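To start, the structure under review is shown below, and the notes come after it.
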Amino acid sequence: GAVVSQHPSRVICKSGTSVKIECRSLDFQATTMFWYRQFPKKSLMLMATSNEGSKATYEQGVEKDKFLINHASLTLSTLTVTSAHPEDSSFYICSAKALSSYEQYFGPGTRLTVT
Amino acid sequence: AQSVTQLGSHVSVSEGALVLLRCNYSSSVPPYLFWYVQYPNQGLQLLLKYTSAATLVKGINGFEAEFKKSETSFHLTKPSAHMSDAAEYFCVFRGNQFYFGTGTSLTVIP
């Protein structure tokens, strides 16, 4: 149980375009989802926390207009990188948490490359 | 402030040798602590977790960790390293969010 999927696993896009990454909890209801960014050989950096049906809470220094997060249902959250630039290239990982749980379950990650 | 510190960004061990990855935490409240493993270009897999029950926690793949309040430590160990253990390991503290350590890259030498 407690499986989280991400789609796509890899995406290449041109500079200036937008790309959407999906995060799904497959076998539980995720009241809270988290989006992380990981630079090469670095730890995970929390970008934002989203609760189902409400606006995401962004960490300091993360541009909310650039990284649009939607958590419209208890099993799906999306991260849209708008007007992507090469410096947005990174590994993006989501995680999900059920209401009654203290544990986060991580997705397999999405490798974004902006050319 | 709540945080975790992983000592040693890189650890190399010979196959069959003891694995010891160090983690110290800072917290004013009883902590929830986790160890995760990340293989290249993959997400995080939970190895084990401490939730204030037994201080010696056994996880998957032969790993275990001991919570020592007096030392504010939660070091990860495995008696005998296997080639497949080569990966990045993260110690994580759960406060109002997950606080990740900087990670330790484990290399296993044949």
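Same order as they appear, the protein sequences are chains A and B. Going by this note's numbering, the letters in the first sequence line up with residues 2 to 116, in that order. Going by this note's numbering, the letters in the second sequence line up with residues 663 to 772, in that order. We treat Cβ as the ideally placed atom computed from N, Cα and C, and that holds for glycine. The structure presented is a predicted model; accordingly, all values stated were derived computationally and were not measured.
Whose CA, out of G705(B), L708(B), Y694(B) and P702(B), lies closest to the CA of S714(B)? Y694(B)
Name the one or two DSSP bridge partners that H737(B) has. E728(B)
Could you tell me the alpha carbon to alpha carbon distance between A1(A) and V20(A), rounded to whole angstroms? Residue 1(A) cannot be examined here, being either before or after the span of chain A that is shown, 2 to 116.
Going straight from the alpha carbon of P608(B) to that of R112(A), what length do you get? Because chain B spans 663 through 772 in this model, residue 608(B) falls outside it and cannot be assessed.
Would you list the one or two residues that DSSP bridges to A49(A)? W36(A) and Y59(A)
In terms of DSSP beta bridges, what is V12(A) paired with? L113(A)
Out of L682(B), L718(B) and Y687(B), which one is the CA nearest neighbour of D747(B)? L682(B)
Segment limits, beta strand (DSSP E) that includes V699(B): Y694 to Q700
Between the C-alpha atoms of G705(B) and S732(B), what's the straight-line distance to the nearest angstrom? 32 Å
Would you report the Cα separation of L680(B) and F29(A), rounded to the nearest angstrom? 37 Å
Does the ligand FMN have a heavy atom nearer than 7 Å to the CB of G54(A)? The ligand FMN is not part of the structure shown, which contains no ligands of any sort.
For a cutoff of 8 Å on Cβ pairs, would you count G721(B) as touching chain A? no
Is R756(B) close to chain A, meaning its C-beta is less than 8 Å from at least one C-beta of that chain? yes
Between which two residues does the beta strand (DSSP E) carrying T713(B) extend? Here T713(B) belongs to no beta strand (DSSP E), and DSSP marks it neither H nor E.
Closer than 8 Å by beta-carbon distance: list the chain A residues that pair up with T667(B), in chain order. The premise fails here: T667(B) is roughly 12 Å from chain A at the closest Cβ pair, so nothing lies under 8 Å.
Where does N686(B) fall in DSSP's three states? strand
Using 10 angstroms around the beta-carbon of V4(A), count the other beta-carbons present and answer buried if the total reaches 16, otherwise exposed. exposed
Please list the residues of the segment 673-698 of chain B that have a C-beta atom closer than 7 Å to any C-beta atom in chain A, keeping them in chain order. Y694
To the nearest angstrom, how far is the alpha carbon of S6(A) from that of E728(B)? 31 Å
For E23(A), three-class secondary structure by DSSP: strand
From Q700(B) to G54(A), what distance separates their C-alpha atoms? 31 Å
Option in C24(A), P41(A) and I70(A) with minimal Cα separation from A97(A): C24(A)
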